Amino acid sequence: MDDTPAVRTLAEVLPTHEPPSPTTPFGRAARDFLYGEVWSRPGLSRRDRRWVTLTCVAAADSPQPIEDHVHAALASGDIGLEAMLEFVLHFAVYCGWPKASHVEGAIARQWDRLHRERGEQTPSWPQLSDDTLGPAAWDERFARGVEEFIDVNLTPAPPPNSPYRHAGILNFVFGHVWQRPGLTRRERRIVTVASVALDDSPVPLQTHVRAALHSGDLTKEEMDEIVLQFAAYYGFAKGEALADAVETAWASKAD
Amino acid sequence: MDDTPAVRTLAEVLPTHEPPSPTTPFGRAARDFLYGEVWSRPGLSRRDRRWVTLTCVAAADSPQPIEDHVHAALASGDIGLEAMLEFVLHFAVYCGWPKASHVEGAIARQWDRLHRERGEQTPSWPQLSDDTLGPAAWDERFARGVEEFIDVNLTPAPPPNSPYRHAGILNFVFGHVWQRPGLTRRERRIVTVASVALDDSPVPLQTHVRAALHSGDLTKEEMDEIVLQFAAYYGFAKGEALADAVETAWASKAD
Amino acid sequence: MDDTPAVRTLAEVLPTHEPPSPTTPFGRAARDFLYGEVWSRPGLSRRDRRWVTLTCVAAADSPQPIEDHVHAALASGDIGLEAMLEFVLHFAVYCGWPKASHVEGAIARQWDRLHRERGEQTPSWPQLSDDTLGPAAWDERFARGVEEFIDVNLTPAPPPNSPYRHAGILNFVFGHVWQRPGLTRRERRIVTVASVALDDSPVPLQTHVRAALHSGDLTKEEMDEIVLQFAAYYGFAKGEALADAVETAWASKAD
Numbered sequence: 000m001d002d003t004p005a006v007r008t009l010a011e012v013l014p015t016h017e018p019p020s021p022t023t024p025f026g027r028a029a030r031d032f033l034y035g036e037v038w039s040r041p042g043l044s045r046r047d048r049r050w051v052t053l054t055c056v057a058a059a060d061s062p063q064p065i066e067d068h069v070h071a072a073l074a075s076g077d078i079g080l081e082a083m084l085e086f087v088l089h090f091a092v093y094c095g096w097p098k099a100s101h102v103e104g105a106i107a108r109q110w111d112r113l114h115r116e117r118g119e120q121t122p123s124w125p126q127l128s129d130d131t132l133g134p135a136a137w138d139e140r141f142a143r144g145v146e147e148f149i150d151v152n153l154t155p156a157p158p159p160n161s162p163y164r165h166a167g168i169l170n171f172v173f174g175h176v177w178q179r180p181g182l183t184r185r186e187r188r189i190v191t192v193a194s195v196a197l198d199d200s201p202v203p204l205q206t207h208v209r210a211a212l213h214s215g216d217l218t219k220e221e222m223d224e225i226v227l228q229f230a231a232y233y234g235f236a237k238g239e240a241l242a243d244a245v246e247t248a249w250a251s252k253a254d
Numbered sequence: 000m001d002d003t004p005a006v007r008t009l010a011e012v013l014p015t016h017e018p019p020s021p022t023t024p025f026g027r028a029a030r031d032f033l034y035g036e037v038w039s040r041p042g043l044s045r046r047d048r049r050w051v052t053l054t055c056v057a058a059a060d061s062p063q064p065i066e067d068h069v070h071a072a073l074a075s076g077d078i079g080l081e082a083m084l085e086f087v088l089h090f091a092v093y094c095g096w097p098k099a100s101h102v103e104g105a106i107a108r109q110w111d112r113l114h115r116e117r118g119e120q121t122p123s124w125p126q127l128s129d130d131t132l133g134p135a136a137w138d139e140r141f142a143r144g145v146e147e148f149i150d151v152n153l154t155p156a157p158p159p160n161s162p163y164r165h166a167g168i169l170n171f172v173f174g175h176v177w178q179r180p181g182l183t184r185r186e187r188r189i190v191t192v193a194s195v196a197l198d199d200s201p202v203p204l205q206t207h208v209r210a211a212l213h214s215g216d217l218t219k220e221e222m223d224e225i226v227l228q229f230a231a232y233y234g235f236a237k238g239e240a241l242a243d244a245v246e247t248a249w250a251s252k253a254d
Numbered sequence: 000m001d002d003t004p005a006v007r008t009l010a011e012v013l014p015t016h017e018p019p020s021p022t023t024p025f026g027r028a029a030r031d032f033l034y035g036e037v038w039s040r041p042g043l044s045r046r047d048r049r050w051v052t053l054t055c056v057a058a059a060d061s062p063q064p065i066e067d068h069v070h071a072a073l074a075s076g077d078i079g080l081e082a083m084l085e086f087v088l089h090f091a092v093y094c095g096w097p098k099a100s101h102v103e104g105a106i107a108r109q110w111d112r113l114h115r116e117r118g119e120q121t122p123s124w125p126q127l128s129d130d131t132l133g134p135a136a137w138d139e140r141f142a143r144g145v146e147e148f149i150d151v152n153l154t155p156a157p158p159p160n161s162p163y164r165h166a167g168i169l170n171f172v173f174g175h176v177w178q179r180p181g182l183t184r185r186e187r188r189i190v191t192v193a194s195v196a197l198d199d200s201p202v203p204l205q206t207h208v209r210a211a212l213h214s215g216d217l218t219k220e221e222m223d224e225i226v227l228q229f230a231a232y233y234g235f236a237k238g239e240a241l242a243d244a245v246e247t248a249w250a251s252k253a254d
């Protein structure tokens, strides 16, 4: 096997993945562009690049990349089990329950595989206490949901005048999920930006990109790297829409 | 296993599905938000919620959720085989033939499993006669297609000046598929609304949501529940776009 | 503005598109990887690369890339209006009616823009006669549909025992759409391969990739270039699944 920077990066990104010498244009582009260029760049941490990539592969339903990248995130030590399981729930909110269910299955398989490869017993997943569910009093939950919505989105919260907004957005998405520990708000923003980019619903795309930059939780340099990482895994078509949203949001920050 | 309202709803929605005690944030949220909240809500029937869910899981390509929800729809008795197979064709139009092909495979597998579980021989699917294909005279078919287009969309039909409009829209989609028995127009509207929401092509999204509400085939309360069911199964980003389309269409109905 | 091979290729691919000097990692990767590498490669014609790209951008719902690539295909002379409108119908079958509706709107806008830019009156689209719809006798249509299915897919046709298979597959998709003139079978295969790759339903992906290679309509070299073009526009995650399908199909051809 070659020992080039591209191949060394590939080995760090996907440990225990034995890459054959690429014999196709796609294989060579994966080695040279994806690993030799995109993953090797400074400006965004390896862990943050994994958040973008995990979101993309899980949404893309590509069976083997999902297994490979979940395994690699855990095996490399870049992402622990707890954070990975929090990712599943956040991802479920933005890309829907079925895809999240599938990626949680992949986590179970790869967690088990990881321990078998190490000759270890597979630890069971931690029992969650009901403390993790947040306030059970709905008025308290709702009030915190409104605050969290404003904090995250930097816009006023919508009135609770539909099931989607009341039970969904204010009580569940912002009243609970965004407030959970185990993933930082900055990490939740990364997963959300990748999700709205692949979903390409125009208003959420603009809102979340703008909030990520205007809050200062992500710098322009980091966001530019997120755009490239996303474009590599979900394509330059949707990547262009994300790139445009970033430039628009950055220009409005200067004002 | 717990016996709570959430768990009882889950058991009705997914019979013969043995849910493990949720040990992950995602599993917890599935039990408490998805089943304890969304599926338990009044305002939209269980069968109608299944139409939204089936559309979402089939479009999401998540293998196990597709099998689970197809099985559950048939096993619960909420949806019969004939209606399920009509769904496949309608879904094929709105989400593409490959995904429809996959869900039809899931129906075959789950129909077989259902009967094996009951110790019964699996009834074969009926051969369909050409009587079900509608008029064989193009001018008659086209004229009915134009009428159906106007009836469903509440807008004038396009001129037949492209293959898509001529052979596709007027002769096949409205000239045949929307007129088939086995699914009511109201049910076809539910599948279509979920489809245009996940496809997020802006004009079809506005057109079909508006027509669903302005025709009176779906009430505002039902549509609001569809938005929440959809957001849970295909994500809150696209859910937001659907929610906005519903509000816009409802506001214009008052005018 | 630079005058490099990448920039010259970009100017051929997207004429009248004024590219700003790339100031972001994404912009530079678009110039260097997308145009400097992928579009510049031999092994697949410019027109065939456009079919892959049009399928990807239309499915991706990215508003500006759709307008840009539709305009460029027409303005460059690489694809004429008739073929573009046939593409819409074929694309509707494989990626669903709403996205096809949107791309047909883009074609109307860009056809008009093209003629305004040239100071010409915009020719209207031709009214299509019912002669273009094929046989109106259902038994004849069905028989031809079965033949076409076998010819295209290199597998037996399914029995007509569901609406999807009877009214859909045998009477419409293969009974009509695949037989229409205006796009060659080879071109229909290119659009279909890109569609099943982005849809990622496993069996249609394998079937259509295998049939494209085993029929000889697409060579291994051309297919390898399609994989790379697709991966660039729809991402390396789904690209990997397509690459695997190609290798599997090619290996089985040797047997």
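Residue numbers (numbering that gives the first Met the number 0), protein chains in the order written: chain A, 0 to 254; chain B, 0 to 254; chain C, 0 to 254.
Where a beta carbon is used, it is the ideal one built from N, C-alpha and C, also for glycine.
Note that the coordinates shown come from a computational prediction; the quantities given were computed from them, not determined experimentally.
How would you label Pro140/A, buried or exposed, when you count the other beta carbons within 10 angstroms and need 16 or more for buried? The amino acid at residue 140/A is misidentified as Pro; the sequence shows Arg. The residue is buried, with at least 16 neighbouring Cβ atoms inside 10 Å.
Does the region 110-123 of chain A touch the region 68-84 of chain A, meaning 3 or more C-beta pairs lie closer than 8 Å? yes
Tell me which same chain residues have a C-beta within less than 7 Å of the C-beta of His4/A, skipping the five on either side of it? The amino acid at residue 4/A is misidentified as His; the sequence shows Pro. Taken in chain order, the residues that qualify are Gly35, Ser39.
Given His285/C, which residues of its chain have a CB within under 8 Å of its CB, disregarding the five upstream and five downstream residues? No statement about residue 285/C is possible, as the shown extent of chain C runs from 0 to 254 and does not include it.
Give a yes or no on whether the minimum CB-CB distance between Ala5/B and chain A is below 7 Å. With 7 Å as the cut-off, Ala5/B does not count as an interface residue toward chain A.
Check whether the Cβ atoms of Ala211/C and Val37/C lie closer than 7 Å to each other. no
Within a Cβ cutoff of 8 Å, which residues of the same chain sit near Gly42/A, ignoring the five residues on either side of it in sequence? Excluding sequence positions up to five before and after Gly42/A, its CB lies within less than 8 Å of the CB of Glu220, Glu221, Asp223, Glu224, all in the same chain and listed in chain order.
By the DSSP assignment, the alpha helix (DSSP H) with Phe86/C in it spans what residues? 80-94
Residue closest to Ser100/B, alpha-carbon to alpha-carbon, out of Arg184/B, Pro125/B, Asp60/B: Asp60/B
So Asn160/A is in the alpha helix (DSSP H); what residue range does that whole segment cover? Neither: Asn160/A is in no alpha helix (DSSP H) and is coded neither H nor E.
Which of the three DSSP states, helix, strand or coil, is assigned to His175/C? coil
Neighbouring residues, chain B, relative to His70/C (Cβ below 8 Å): For His70/C, there are no neighbours in chain B by C-beta distance under 8 Å, as the nearest C-beta there is about 18 Å away.
By a C-beta neighbour count over all protein chains shown, 10 Å radius and 16 as the cutoff for buried, is Leu169/C buried or exposed? Using a 10 angstroms sphere on the CB of Leu169/C, the tally of other CB atoms reaches 16 or more, which defines it as buried.
State whether the region 125-145 of chain B contacts the region 91-106 of chain C, with contact taken as three or more CB pairs (one from each stretch) at a distance under 8 Å. no
In the DSSP assignment, find the unbroken alpha helix (DSSP H) run with Gly144/B in it and report its ends. If you look at Gly144/B, you'll find it in the alpha helix (DSSP H) that goes 137-152.
Can you check the region 10-69 of chain B for any alpha helix (DSSP H) of at least 4 residues that lies completely inside it and give the ranges in chain order? 24-28, 45-59
Is it a yes or a no for the region 158-168 of chain B touching the region 79-90 of chain C, going by three-plus beta-carbon pairs under 8 Å? Touching, yes, given that three or more Cβ pairs across the two stretches are closer than 8 Å.
Compare the beta carbon distance of Ile106/C and Val69/C with 7 Å and say whether it is the shorter of the two. Taking 7 Å as the Cβ cut-off, Ile106/C and Val69/C qualify as a contacting pair.
Taking only beta-carbon positions, decide if Ser100/B is within less than 7 Å of chain C. yes
To the nearest angstrom, report how far apart Ala253/A and Thr52/A are at their CA atoms. For the pair Ala253/A and Thr52/A, the Cα-to-Cα distance works out to about 29 Å.
Please list, in chain order, the residues of the region 25-36 of chain C that have any C-beta partner in chain A closer than 8 Å. Phe25, Gly26, Ala28, Ala29, Phe32, Leu33, Glu36
DSSP three-state call for Asp243/C: helix, strand or coil? helix
With distance defined between alpha-carbon atoms, name the residue in Trp137/B, Arg49/B, Phe173/B, Pro201/B nearest to Ala244/B. Pro201/B
Drop a sphere of 10 angstroms on the beta-carbon of Thr23/A, count the other beta-carbons inside from all chains shown, and report buried for 16 or more, exposed for fewer. buried
Please identify, using Cβ separations under 7 Å, the residues of the region 204-235 of chain A that lie next to chain C, in order along the chain. Taking 7 Å as the Cβ-Cβ cut-off against chain C, the residues of the region 204-235 of chain A that qualify are Asp223, Glu224, Val226, Leu227, Ala230, Ala231, Tyr232, Tyr233, Gly234, Phe235.
Whole-angstrom distance between Asp67/B and Arg108/B, CA atom to CA atom: 11 Å
Does the CB of Leu53/C have a neighbour CB from chain B at under 7 Å? No, Leu53/C lies away from the interface with chain B (no Cβ there is under 7 Å from its Cβ).
Check Gly181/A in the structure and name its three-state DSSP category. coil
Distance CB(Leu241/B)-CB(Ala58/B) smaller than 7 Å: no
Would you please verify whether the beta carbon of Ala166/C is less than 7 Å from any beta carbon of chain B? yes
Local conformation of Glu119/B per DSSP, three classes: coil
Is the shortest distance between the beta-carbon of Phe171/C and the beta-carbons of chain B less than 7 Å? Yes, its Cβ sits closer than 7 Å to a Cβ of chain B.
Kindly list, in the order they appear in chain C, the residues whose Cβ is closer than 8 Å to that of Ala135/B. Ala135, Ala136, Trp137
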